[in-house]
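Q: Adding 156 to a residue's 1-based position in the sequence shown gives its number in the working numbering. What follows is a structure written as structure tokens; I'll ask about it next.
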Amino acid sequence: MQETELTNLMYELLSPKENPERWRLYLELFDKHVLRLKMSNKELEHARVFVDSSKVPEEDKYHMQFIENKQKRIDLVIITSKRFIPIEVKIKGKEDAVDQPNQCRDYWCEAEAYHKDNSLSEPPVLYYLTPQGEFPSWESVGDFGFQDRSTNFIRSDKIDDVAFCSEGFYWIDACEKNPPKDRDSEKNLISVSEEIDKMITRTYSQGLTEEVMRKFFTALDNRFDENFCQKYHLKRGGNKRMEIGDCYTYKRYIDRFFGTAFSWPSICLQCTDVKLDDDKELWLRVGCYNGRYSYLDESLAFCAGFMIFSNEIKEGLYKEPEIKRLLNGRNILPQKIVAEYDKKFNGLVGRTDLHDARGNLIYFTDVDRTLRQFRTQEDIVRAVEHIMIEIKKLLRRFIYG
Numbered sequence: 157m158q159e160t161e162l163t164n165l166m167y168e169l170l171s172p173k174e175n176p177e178r179w180r181l182y183l184e185l186f187d188k189h190v191l192r193l194k195m196s197n198k199e200l201e202h203a204r205v206f207v208d209s210s211k212v213p214e215e216d217k218y219h220m221q222f223i224e225n226k227q228k229r230i231d232l233v234i235i236t237s238k239r240f241i242p243i244e245v246k247i248k249g250k251e252d253a254v255d256q257p258n259q260c261r262d263y264w265c266e267a268e269a270y271h272k273d274n275s276l277s278e279p280p281v282l283y284y285l286t287p288q289g290e291f292p293s294w295e296s297v298g299d300f301g302f303q304d305r306s307t308n309f310i311r312s313d314k315i316d317d318v319a320f321c322s323e324g325f326y327w328i329d330a331c332e333k334n335p336p337k338d339r340d341s342e343k344n345l346i347s348v349s350e351e352i353d354k355m356i357t358r359t360y361s362q363g364l365t366e367e368v369m370r371k372f373f374t375a376l377d378n379r380f381d382e383n384f385c386q387k388y389h390l391k392r393g394g395n396k397r398m399e400i401g402d403c404y405t406y407k408r409y410i411d412r413f414f415g416t417a418f419s420w421p422s423i424c425l426q427c428t429d430v431k432l433d434d435d436k437e438l439w440l441r442v443g444c445y446n447g448r449y450s451y452l453d454e455s456l457a458f459c460a461g462f463m464i465f466s467n468e469i470k471e472g473l474y475k476e477p478e479i480k481r482l483l484n485g486r487n488i489l490p491q492k493i494v495a496e497y498d499k500k501f502n503g504l505v506g507r508t509d510l511h512d513a514r515g516n517l518i519y520f521t522d523v524d525r526t527l528r529q530f531r532t533q534e535d536i537v538r539a540v541e542h543i544m545i546e547i548k549k550l551l552r553r554f555i556y557g
């Protein structure tokens, strides 16, 4: 299936013209699983959907109003009373999947200009929807990419990398639980579902490992309750886009863990008593990395550590001079922890590899090892219990020095 065909099918599911029976529900589910903006009922009711397709009349296409290159067309646009939401759909590996120079940057700038011109209240964001959560190219994002070109990370306050294999799958799965009676709309729904299924490339054993990871992270997450957070001066976030820890939440990234794109499923908690620069926060981060970028000098073991998060760029800082400038001599973390920081990636200060109840390291990237290590729920429970002891030890160093 070509990108244009898939995009048009998505439009027909979300458009009140094409799917009057279910569009409202499917759009609400799209917001819940893909956009995560928590739009109100009123906002959803009056939403308009546009598509770049030769099959629809001109009034159903969004025509660029503000950027210089008006030949560019955004794949999907959702406009509400509060937001202009551009969505770029890419099926990597296809000949027509190459990003144009400044493509994503121009689309975001169009959204920003539309917001200003129409006095919309919410900040704009471009959704970059690919099979497994790939990032757009440097050429496409321009100065929205990190200045260090050894990485291709992007500013998540500007562009959100969403995936058919995770967010898209849960959206279409929820839609299928509420199928339309109209034959054509039902056929469209089936077609999109089948196309997303083709994008999910995990093996059977990898699927079993993902289930272990979900149980493992859920059990660990439950231990970070209100009493724990109060004792260790921590704060939880919610499930809305850009709340504490959203960039790395395990609920999104486990589904991408065995794909081709970057994935770091994590639990993040803000350290509430720490004051850094106005736009910086210190987080406790617990998680693992799937090793998809060869230039990242990072262990694959399950670990915990502290990370400085920048609200300006909505990402964790990782450069050694920046980390030490913010922490040296501040009595925030023990100076020995700060002095030992020399990691190239991800800013985990005081990184501590975590172990199961038998003292073994945890490598979810090693499928056979994981399935032997966690054969039962009891194995998971015991491992989580041991991990909490290690995390508390790390936090005591943070709280008491």
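We treat Cβ as the ideally placed atom computed from N, Cα and C, and that holds for glycine.
Which residues in the same chain have their Cβ closer than 8 Å to the Cβ of Asp-252, if we skip the five residues on either side of it in sequence?
A: To locate residue 252, count along the sequence shown from 1; it is residue 96. Confidence is the limiting factor: at Asp-252 the pLDDT is only 48, short of 50, which leaves the residue's position unreliable and the question unanswerable from this model.
Q: Does the contact criterion of 3 or more C-beta pairs under 8 Å hold for the stretch 439-449 versus the stretch 349-357?
A: no
Q: If Glu-476 sits next to Asp-498, beta carbons under 8 Å apart, how far is it from one beta carbon to the other, in whole angstroms?
A: Translated into the one-based positions of the sequence shown, residue 476 becomes position 320. Translated into the one-based positions of the sequence shown, residue 498 becomes position 342. About 6 Å separates the two Cβ atoms, so the contact holds.
Q: How would you write the range of the beta strand (DSSP E) that Tyr-284 sits in, first residue to last?
A: On the sequence shown, residue 284 is found 128 positions in, with the first residue counted as 1. Where Tyr-284 is concerned, the enclosing beta strand (DSSP E) starts and stops at 282-286.
Q: At which residue ranges does the stretch 393-425 contain complete alpha helix (DSSP H) runs of 4 or more residues, listed in the order of the chain?
A: 406-409
Q: What's the gap between the Cα of Tyr-263 and the Cα of Ala-539?
A: Along the sequence shown, one-based indexing puts residue 263 at 107. Along the sequence shown, one-based indexing puts residue 539 at 383. Distance between the alpha carbons of Tyr-263 and Ala-539 is about 46 Å.
Q: Please report the straight-line C-alpha distance between Gly-485 and Ser-466, rounded to a whole angstrom.
A: Start at 1 with the first residue of the sequence shown, and residue 485 comes out as number 329. Start at 1 with the first residue of the sequence shown, and residue 466 comes out as number 310. Between Gly-485 and Ser-466, the C-alpha separation is close to 20 Å.
Q: Are the CB atoms of Arg-239 and Glu-278 nearer to each other than 8 Å?
A: Indexing the sequence shown from 1 puts residue 239 at position 83. Indexing the sequence shown from 1 puts residue 278 at position 122. Their beta carbons are under 8 Å apart, which means Arg-239 touches Glu-278 by this criterion.
Q: Contact defined as beta carbons within less than 8 Å: I believe Gly-289 pairs with Arg-397. What is the distance between those atoms, to the nearest angstrom?
A: The residue you call residue 289 lines up with position 133 of the sequence shown. The residue you call residue 397 lines up with position 241 of the sequence shown. So it is not a contact: roughly 15 Å between Cβ atoms.
Q: Whose CA, out of Asn-378, Gly-324, Thr-163, lies closest to the CA of Ile-230?
A: Position 74 of the sequence shown, counting from 1, holds the residue named residue 230. The shortest Cα separation from Ile-230 among Asn-378, Gly-324, Thr-163 belongs to Thr-163.
Q: Which of helix, strand or coil does DSSP assign to Leu-232?
A: Here residue 232 refers to the residue found at position 76 when the sequence shown is read from its first residue. The answer is strand: DSSP assigns Leu-232 an E or B state.
Q: How many whole angstroms separate the CB atoms of Leu-489 and Gly-506, which I take to be in contact at a CB cut-off of 8 Å?
A: Here residue 489 is taken as the residue at index 333 of the sequence shown, counted from 1. Here residue 506 is taken as the residue at index 350 of the sequence shown, counted from 1. The pair is a contact, with the Cβ atoms about 6 Å apart (cut-off 8 Å).
Q: When the Cα of Arg-514 is compared with those of Lys-314, Ile-543, Val-523, which residue comes out closest?
A: Walking along the sequence shown from the start, residue 514 turns up at place 358. Taking only the C-alpha atoms, the option nearest Arg-514 is Ile-543.
Q: Determine which residues share a DSSP beta bridge with Asp-316 and list them.
A: As a working mapping, residue 316 is identified with position 160 in the sequence shown. DSSP, once it has assigned bridges, lists Tyr-283 as partnering Asp-316.
Q: Can you grab the Cα-Cα spacing for the pair Arg-481 / Asn-175, in whole Å?
A: In the sequence shown, counting from the first residue as 1, residue 481 sits at position 325. In the sequence shown, counting from the first residue as 1, residue 175 sits at position 19. Approximately 55 Å, taken between the alpha carbons.
Q: Looking only at its own chain, which residues have a Cβ that is under 7 Å from the Cβ of Lys-548, when we skip the five neighbours before and after it?
A: Residue 548 sits at position 392 when you count from the first residue of the sequence shown. Counting only Cβ-Cβ distances below 7 Å, and skipping sequence neighbours, we find nothing.
Q: Ser-361: which of Arg-531, Leu-517, Ala-460, Ile-243 sits nearest, CA to CA?
A: By one-based count along the sequence shown, residue 361 stands at place 205. Checked all of Arg-531, Leu-517, Ala-460, Ile-243; the closest Cα to Ser-361 is Arg-531.
Q: Give the range of the beta strand (DSSP E) segment to which Ile-464 is assigned.
A: Here residue 464 refers to the residue found at position 308 of the sequence shown. Element bounds for Ile-464: 459-466.
Q: For the candidate residues Met-195, Ser-171, Gly-415, Ser-293, whose alpha-carbon lies nearest to that of Phe-206?
A: Here residue 206 is taken as the residue at index 50 of the sequence shown, counted from 1. If you compare the alpha carbons of Met-195, Ser-171, Gly-415, Ser-293 with that of Phe-206, the shortest gap goes to Ser-171.
Q: If you measure between the beta carbons of Phe-320 and Met-369, is that distance less than 8 Å?
A: Taking the first residue of the sequence shown as 1, we reach residue 320 at position 164. Taking the first residue of the sequence shown as 1, we reach residue 369 at position 213. Contact flag unset, no.
Q: On the three-state DSSP scale, how would you describe Glu-471?
A: As a working mapping, residue 471 is identified with position 315 in the sequence shown. Reduced to three states, the DSSP call for Glu-471 is strand.
Q: Please report the distance separating the alpha-carbon of Val-212 from that of Glu-168.
A: Position 56 of the sequence shown holds residue 212. Position 12 of the sequence shown holds residue 168. Cα to Cα, the separation comes out at about 10 Å.
Q: Tell me which residue opens and which closes the alpha helix (DSSP H) that Asp-377 is part of.
A: Translated into positions along the sequence shown, residue 377 becomes position 221. First-last of the alpha helix (DSSP H) with Asp-377: 360-379.
Q: Whose C-beta lies closer than 6 Å to the C-beta of Tyr-270 among residues of the same chain, with five residues either side of it excluded?
A: As a working mapping, residue 270 is identified with position 114 in the sequence shown. Here the set comprises Phe-240.
Q: Would you give the residue range spanned by the beta strand (DSSP E) that Glu-244 belongs to?
A: Along the sequence shown, read from residue 1 onward, the residue named residue 244 stands at position 88. Element bounds for Glu-244: 240-245.
Q: In the stretch 523-547, which residue ranges form an unbroken alpha helix (DSSP H) of at least 4 residues, counting only runs that do not cross its ends?
A: 523-529
Q: Could you give the first and the last residue of the continuous beta strand (DSSP E) run that contains Glu-437?
A: Locating residue 437 in the sequence shown gives position 281, where the first residue counts as 1. Counting along the chain, the beta strand (DSSP E) containing Glu-437 begins and ends at 436-443.
Q: In three-state terms, what does DSSP make of Val-430?
A: Here residue 430 refers to the residue found at position 274 of the sequence shown. Residue state, collapsed to three classes: coil.
Q: Can you tell me whether Asn-383 is buried or exposed? The criterion is at least 16 other CB atoms within 10 Å of its CB, across all chains shown.
A: The residue you call residue 383 lines up with position 227 of the sequence shown. Asn-383 comes out exposed.
Q: Quick check on this structure: which residue in Asp-512, Trp-294, Gly-324 has the alpha carbon closest to the alpha carbon of Ile-247?
A: Your numbering for residue 247 matches position 91 in the sequence shown. Per the Cα distances, Gly-324.
Q: Starting from Phe-384 and walking both ways along the alpha helix (DSSP H), at which residues does that stretch end?
A: As a position in the sequence shown, residue 384 is number 228, starting the count at 1. Element bounds for Phe-384: 382-387.
Q: To the nearest angstrom, report how far apart Leu-193 and Pro-287 are at their CA atoms.
A: Looking up residue 193 in the sequence shown gives position 37. Looking up residue 287 in the sequence shown gives position 131. Using only the alpha carbons, I get a separation of about 21 Å.
Q: Between which two residues does the beta strand (DSSP E) containing Asp-509 stretch?
A: Counted from its first residue, the sequence shown places residue 509 at position 353. 505-509 is the extent of the beta strand (DSSP E) around Asp-509.
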